[in-house]
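For the sequence shown, full-length UniProt numbering assigns the number 1 to the initial residue and increments by one for each residue that follows. Take a look at the structure below.
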Amino acid sequence: MSVCMPPKSMTISTTSTESSTPISTPTLLPGTGMSIPSPYMLSGRKKSSSFSDLGDYDECSDIGTPEKPGMFKPPPIHEEMMDTAFRLNDPTQDRASLIDSGITFLAGEVLKLRVDNVAYIVFYKPDASTGVIPNTGGDSSPSFNPMVSTDVSPPSPVDLASSIMTYDSSSGMTAPPKSFGAMGAAGHKVLTTDCFQRYSSTRGGTLGRGLFRASTHVGSALVKGTSTLISQTYEGGARGGVFGFAKGLGLGVWGFGSHTVKGAFRSVGHMTNVVGEMVLGMDPHFSLDGMLILTNYRLVWTSTAGDMLNIPLASVVNMETAVTASHVLLLECKNLLRPKFAFADDSVAASVIDASLALYTSGSYSFSNVHFEAIRSGACLEDVDGQEASSVDLYDPIVDYTRLGLVDDTDESLWQLVDNFEYRLFPTYPHTFVVPSGLTHDDLVELSAYRSAARVPAVVWRHPHTKATLCRCAQPRAGLSGFASEADKKIVRLLTTGSTFYFFDARSQMAAAGNVAHGKGTEDVRNYPNTELRHCDIVNIHGVRSSYVALAQVCQPNAHGTPVNPDALSRTLWLQHLSSIMFTASSVSQLLCGGESVMVHCSDGWDRTSQVAGLLEVMLDPYYRTLRGFLELMDKEWCSFGHMFRWRGGAGDSPNAQELEEQSPVFVQWLDAMWQLWRQVPWAFEFSDELLTTVYSHVYSGLFGTFQYNSEREKRAKEVHAPTRSLWRYLLSRQHEFVNVQYNARQSLALRGRPLPVLALESDLMLWDAHIACADPICRKYT
Numbered sequence: 001m002s003v004c005m006p007p008k009s010m011t012i013s014t015t016s017t018e019s020s021t022p023i024s025t026p027t028l029l030p031g032t033g034m035s036i037p038s039p040y041m042l043s044g045r046k047k048s049s050s051f052s053d054l055g056d057y058d059e060c061s062d063i064g065t066p067e068k069p070g071m072f073k074p075p076p077i078h079e080e081m082m083d084t085a086f087r088l089n090d091p092t093q094d095r096a097s098l099i100d101s102g103i104t105f106l107a108g109e110v111l112k113l114r115v116d117n118v119a120y121i122v123f124y125k126p127d128a129s130t131g132v133i134p135n136t137g138g139d140s141s142p143s144f145n146p147m148v149s150t151d152v153s154p155p156s157p158v159d160l161a162s163s164i165m166t167y168d169s170s171s172g173m174t175a176p177p178k179s180f181g182a183m184g185a186a187g188h189k190v191l192t193t194d195c196f197q198r199y200s201s202t203r204g205g206t207l208g209r210g211l212f213r214a215s216t217h218v219g220s221a222l223v224k225g226t227s228t229l230i231s232q233t234y235e236g237g238a239r240g241g242v243f244g245f246a247k248g249l250g251l252g253v254w255g256f257g258s259h260t261v262k263g264a265f266r267s268v269g270h271m272t273n274v275v276g277e278m279v280l281g282m283d284p285h286f287s288l289d290g291m292l293i294l295t296n297y298r299l300v301w302t303s304t305a306g307d308m309l310n311i312p313l314a315s316v317v318n319m320e321t322a323v324t325a326s327h328v329l330l331l332e333c334k335n336l337l338r339p340k341f342a343f344a345d346d347s348v349a350a351s352v353i354d355a356s357l358a359l360y361t362s363g364s365y366s367f368s369n370v371h372f373e374a375i376r377s378g379a380c381l382e383d384v385d386g387q388e389a390s391s392v393d394l395y396d397p398i399v400d401y402t403r404l405g406l407v408d409d410t411d412e413s414l415w416q417l418v419d420n421f422e423y424r425l426f427p428t429y430p431h432t433f434v435v436p437s438g439l440t441h442d443d444l445v446e447l448s449a450y451r452s453a454a455r456v457p458a459v460v461w462r463h464p465h466t467k468a469t470l471c472r473c474a475q476p477r478a479g480l481s482g483f484a485s486e487a488d489k490k491i492v493r494l495l496t497t498g499s500t501f502y503f504f505d506a507r508s509q510m511a512a513a514g515n516v517a518h519g520k521g522t523e524d525v526r527n528y529p530n531t532e533l534r535h536c537d538i539v540n541i542h543g544v545r546s547s548y549v550a551l552a553q554v555c556q557p558n559a560h561g562t563p564v565n566p567d568a569l570s571r572t573l574w575l576q577h578l579s580s581i582m583f584t585a586s587s588v589s590q591l592l593c594g595g596e597s598v599m600v601h602c603s604d605g606w607d608r609t610s611q612v613a614g615l616l617e618v619m620l621d622p623y624y625r626t627l628r629g630f631l632e633l634m635d636k637e638w639c640s641f642g643h644m645f646r647w648r649g650g651a652g653d654s655p656n657a658q659e660l661e662e663q664s665p666v667f668v669q670w671l672d673a674m675w676q677l678w679r680q681v682p683w684a685f686e687f688s689d690e691l692l693t694t695v696y697s698h699v700y701s702g703l704f705g706t707f708q709y710n711s712e713r714e715k716r717a718k719e720v721h722a723p724t725r726s727l728w729r730y731l732l733s734r735q736h737e738f739v740n741v742q743y744n745a746r747q748s749l750a751l752r753g754r755p756l757p758v759l760a761l762e763s764d765l766m767l768w769d770a771h772i773a774c775a776d777p778i779c780r781k782y783t
């Protein structure tokens, strides 16, 4: 396995396996080893090898000098660095040169771009009493507060020599030294103010340019906003009549406003024309100097202090430069990570974006296919099991249904297996599933037309003692009349085991009623004797996405080094949504233990339905609390029963070009609910919570094919031509890494068929530390 280390000279090199022609950048002569000066050097742009102040940005030119009246060129922040050569290196030599940096290349991974002297923007811990970095340099001047009047002079850099080492008395260990090189502090100094802001007066000569930019940005924003308004309103009216017109009009107005505000914001940034000014809050920053490499799989940043940050390209939803500091690269990931990198030159930041997006020029791109082919060709040095290196199903429905008592060879069996190997009648269902034996083929055809997306009631679990069953499906096509098909009434009768059969609609009553206008809705219990309907009020994919975005903001590193604020966490509604899922699962488990059968569904039966069914099966079945059983459960309830992983995770889509409307971290939310359950009764689980964290880390990694498909049918069709590696097999082969020392097998098995003692109130839940680790993999080390 290859490992890589950076050379000490500043270089940016591009390599490619597709051809000998390197990836194009603004400063390379294609096909040669020659270099040319950066266009920003030709225009007088400053260069820097240090980033203690990252505000060195302005569109200056040679004519913008004090020698030429009427023009303004800001005073230099850094020393000029005239050596701006970009070098083309041999790929083999480049990989070998990275050995000592600790970067391990995966099978099929190819180095595309390398940039030395890249700053990762970090926060520095201020003094607890004053809210600013303590003045340890002996300066008696008062502390500078950016929230107070700006008429005072900017603060002097502070010498941090006396505060480099920290000591943790609880562990008896000395924390890693915060070297000046690691912090990117030029001259052993760190500024106490916002490192993006430059405190210098704005000359009147720049105001005209700012006003011109303002009118340009606002004008273009108005045009774009008006276009959005018209197109959204037209499309809504064409597709959905009056209701669609109203919806389209609302979306159009929102788009008009957002584009206009964005344009106005850009214009304000240019009108003020403060060099490098950027709205990032009022927290003081510092940065870690390091190296950034781009491969065909990920972005890797390493620091001189040994920090490392891996960002799979599949996890990046947005990649752009800062509005008023275009040498700063901002990434927004599908998980909670929001990293920021500063380069010596804005053209380099643009090159990183171009090289990243170049992987998607031919359409959808997945490294998992490249990775598997490399393993199959013998390019992987580690031992890889043959079954692990393919997306072979871990879950075997026949074995699972036999264990649950749903499959036997007697003529008196109450259950039958549906042959769905061709996926014609039920395209989003597994190739085999269980229904009551009293149903005929005609009944199944009728059910497929009555239930949304042909997702008919399928039995997924049977209580070992009461024989009550859990089945899952999609919403009925009841419409305004509340129509119920005869086949649907029949299957409910066949599934009833107790005095009452329960429908659990995961949606709120209002949300279910909203689907009636589209010819769908929920069950009318008047059509089903001895039944009861319960609405669970679990939030939909849009609510989950909004809550997760809010959680990302709460979990971001801060200058104070403080934990997540409880009030801010509560406002995200994340724990409240978890509580509703856990409470629903607990309620269903109680009914099953009481001998009452339950049908669970949401709108289409592949989001909230999977959450509830998967969670309550873990609560009631000790087999699903073993490592293998839990992996089989995820394969069963999420992959085989057709959770839309490709849509929900944007798998294969390019950054900056993804359809966010269908994306939602529904599976991540379920993993969090699972962790809440594990935290309360760890002795009941064979595996440690590290297993949940590992699965979480690969939801958006793009390394495995497990989370790339919308259904079992889609996976089998695509795996024939582009096979991938299975996450389930990978984890199973490393189960020794996830041993739970607290596991009590005898006590867990004694609860077979009895629900685990779970507390589901919001006050009983807490923030999963995996979210913090994901949002802030480096910064809290330095706070």
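Think of the CB as a built atom: it goes at the ideal place given N, C-alpha and C, for glycine as much as any other residue.
Review point. Is it a yes or a no for the region 597 to 606 touching the region 688 to 702, going by three-plus beta-carbon pairs under 8 Å?
Key: no
**Study point:** G652 versus S366, D345 and S347, residue with shortest Cα-Cα distance
**Key:** In the sequence shown, counting from the first residue as 1, residue 652 sits at position 652. Out of S366, D345 and S347, the CA that lies nearest to the CA of G652 is found in S366.
Review point. Which of the three DSSP states, helix, strand or coil, is assigned to L671?
Key: Residue 671 sits at position 671 when you count from the first residue of the sequence shown. The answer is helix: DSSP assigns L671 an H, G or I state.
**Study point:** Secondary structure of M582, DSSP reduced to three states
**Key:** Residue mapping note: residue 582 aligns to position 582 of the sequence shown, counting from 1. Judged by DSSP in its simplified three-state form, M582 adopts helix.
Practice item. Using a threshold of 8 Å, state whether the C-beta atoms of R462 and L404 are closer than that. Key: Position 462 of the sequence shown, counting from 1, holds the residue named residue 462. Position 404 of the sequence shown, counting from 1, holds the residue named residue 404. For R462 and L404, yes; Cβs fall inside 8 Å.
Exercise for review: Quick one: residues in its chain with C-beta nearer than 7 Å to the C-beta of D524, no 5 flanking neighbours on either side, listed in chain order?
Suggested key: Looking up residue 524 in the sequence shown gives position 524. So the qualifying residues of the chain are A478, G482 and A484.
Practice item. Take A468 as the anchor and find which of L591, S315 and L765 has the nearest alpha-carbon. Key: In the sequence shown, counting from the first residue as 1, residue 468 sits at position 468. When only C-alpha atoms are compared, the closest one is L591.
Exercise for review: Could you give the DSSP three-state label for R608: helix, strand or coil?
Suggested key: Looking up residue 608 in the sequence shown gives position 608. It is helical.
Point to revise | Rounded C-alpha distance that separates P312 from H643 | key: Start at 1 with the first residue of the sequence shown, and residue 312 comes out as number 312. Start at 1 with the first residue of the sequence shown, and residue 643 comes out as number 643. Roughly 22 Å between the two C-alpha positions.
Check your understanding: With a CB to CB cut of under 8 Å and the five nearest residues on each side skipped, what residues in its chain are close to K520?
Key -> Locating residue 520 in the sequence shown gives position 520, where the first residue counts as 1. Within the same chain, K520 has close Cβ partners S452, Q475, P476, R477, A478, G479 and S603.
**Study point:** Coarse secondary structure for V741, derived from DSSP in three states
**Key:** By one-based count along the sequence shown, residue 741 stands at place 741. Of the three classes helix, strand and coil, the one that applies to V741 here is coil, per DSSP.
Check your understanding: Are P436 and L414 close, meaning C-beta to C-beta below 8 Å?
Key -> Start at 1 with the first residue of the sequence shown, and residue 436 comes out as number 436. Start at 1 with the first residue of the sequence shown, and residue 414 comes out as number 414. Yes.
Point to revise | Helix, strand or coil at T428 [DSSP, three-state] | key: By one-based count along the sequence shown, residue 428 stands at place 428. Three-state result, T428: coil.
Review point. Are the region 731 to 746 and the region 678 to 693 in contact at 8 Å, needing three or more beta carbon pairs?
Key: Cβ pair count under 8 Å is three or more, so yes.
Check your understanding: Tell me which same chain residues have a C-beta within less than 6 Å of the C-beta of W638, skipping the five on either side of it?
Key -> By one-based count along the sequence shown, residue 638 stands at place 638. S610.
Review point. Whose C-beta lies closer than 6 Å to the C-beta of N527 among residues of the same chain, with five residues either side of it excluded?
Key: Counting from one through the sequence shown, the residue named residue 527 turns up at place 527. By the criterion of a C-beta distance shorter than 6 Å, N527 is surrounded in its chain by A484, once the five residues flanking it on both sides are discounted.
Practice item. Please classify S570: does DSSP put it in a helix, a strand, or coil? Key: The residue you call residue 570 lines up with position 570 of the sequence shown. Correct three-state label for S570: helix.
**Study point:** Host alpha helix (DSSP H) of L444 (start-end)
**Key:** Sequence index remark: in the sequence shown, residue 444 carries index 444 (1-based). First-last of the alpha helix (DSSP H) with L444: H441 to Y450.
Check your understanding: Skipping 5 residues on each side, what residues in its chain have a beta carbon closer than 6 Å to that of A487?
Key -> The sequence position of residue 487 within the sequence shown is 487, counting from 1. Correct list, in chain order: D443, E446 and L447.
Check your understanding: Does the Cβ of G702 have 16 or more other Cβ atoms within 10 Å, making it buried, or fewer, making it exposed?
Key -> As a first step, residue 702 must be located in the sequence shown, where it is residue number 702. Its Cβ being crowded by 16 or more others within 10 Å, G702 is buried.
Review point. Which class does L756 belong to by DSSP, given the choice of helix, strand or coil?
Key: Within the sequence shown, numbered from 1, the residue matching residue 756 stands at position 756. In this structure, L756 counts as coil in the three-state DSSP scheme.
Point to revise | Burial state of I398 (16 or more Cβ within 10 Å) | key: Here residue 398 is taken as the residue at index 398 of the sequence shown, counted from 1. So I398 counts as exposed.
Review point. Can you tell me where the beta strand (DSSP E) with A342 in it begins and where it stops?
Key: Numbered from its first residue, the sequence shown carries residue 342 at position 342. K340 to A342 is the span of the beta strand (DSSP E), which, as asked, contains A342.
**Study point:** Assigned secondary structure, G290 (DSSP; H/G/I helix, E/B strand, else coil)
**Key:** On the sequence shown, position 290 is the one that residue 290 refers to. The three-state reading of DSSP puts G290 in strand, counting E and B together.
Practice item. With a cut-off of 8 Å on the beta carbons, I'd call F426 and A449 a contact; round off their distance for me. Key: Taking the sequence shown and counting its residues from 1, one reaches residue 426 at position 426. Taking the sequence shown and counting its residues from 1, one reaches residue 449 at position 449. F426 to A449, Cβ: 12 Å. No contact.
**Study point:** Contact set for K490: own chain, Cβ-Cβ below 8 Å, skip 5 residues either direction
**Key:** Looking up residue 490 in the sequence shown gives position 490. Excluding residues within five positions, the ones whose Cβ falls inside 8 Å are G438, L439 and D443.
Review point. F501 and T466: beta carbons closer than 8 Å?
Key: Reading the sequence shown from its first residue, position 501 is the one you call residue 501. Reading the sequence shown from its first residue, position 466 is the one you call residue 466. The answer is no: Cβ separation not under 8 Å.
Exercise for review: Would you give the residue range spanned by the beta strand (DSSP E) that Q509 belongs to?
Suggested key: Along the sequence shown, read from residue 1 onward, the residue named residue 509 stands at position 509. Careful: Q509 lies outside any beta strand (DSSP E), inside the alpha helix (DSSP H) at Q509 to G514.
Point to revise | E632 (DSSP reduced to helix, strand or coil) | key: If you number the sequence shown from 1, residue 632 lands on position 632. E632 falls in the helix class under three-state DSSP.
Check your understanding: Rounded to the nearest angstrom, how far is the Cβ of G102 from that of M308, given a contact under 8 Å?
Key -> Taking the sequence shown and counting its residues from 1, the one referred to as residue 102 is at position 102. Taking the sequence shown and counting its residues from 1, the one referred to as residue 308 is at position 308. Right, their Cβ atoms sit about 6 Å apart.
Point to revise | With 16 other Cβ atoms within 10 Å as the buried cut-off, status of W683 | key: The residue given as residue 683 occupies position 683 in the sequence shown. With fewer than 16 other Cβ atoms within 10 Å, it is exposed.
Check your understanding: Would you say the region 101 to 118 touches the region 342 to 358, given that touching needs at least three Cβ pairs under 8 Å?
Key -> yes
Point to revise | Proximal residues to N565 (C-beta, below 8 Å), its chain only, five neighbours per side dropped | key: Mapped onto the sequence shown, residue 565 falls at position 565. Excluding positions up to five away in sequence, the list reads V554.
Exercise for review: Determine, using beta-carbon pairs with one atom in the region 338 to 353 and one in the region 718 to 729, whether at least three such pairs fall under 8 Å.
Suggested key: no
Check your understanding: For the beta strand (DSSP E) that I311 lies in, which residues bound it at each end?
Key -> As a first step, residue 311 must be located in the sequence shown, where it is residue number 311. Element bounds for I311: M308 to P312.
Check your understanding: Does the Cβ-Cβ distance between Y401 and V392 come in under 8 Å?
Key -> The residue you call residue 401 lines up with position 401 of the sequence shown. The residue you call residue 392 lines up with position 392 of the sequence shown. No; because the gap between Cβ atoms is not below 8 Å, this pair is not in contact.
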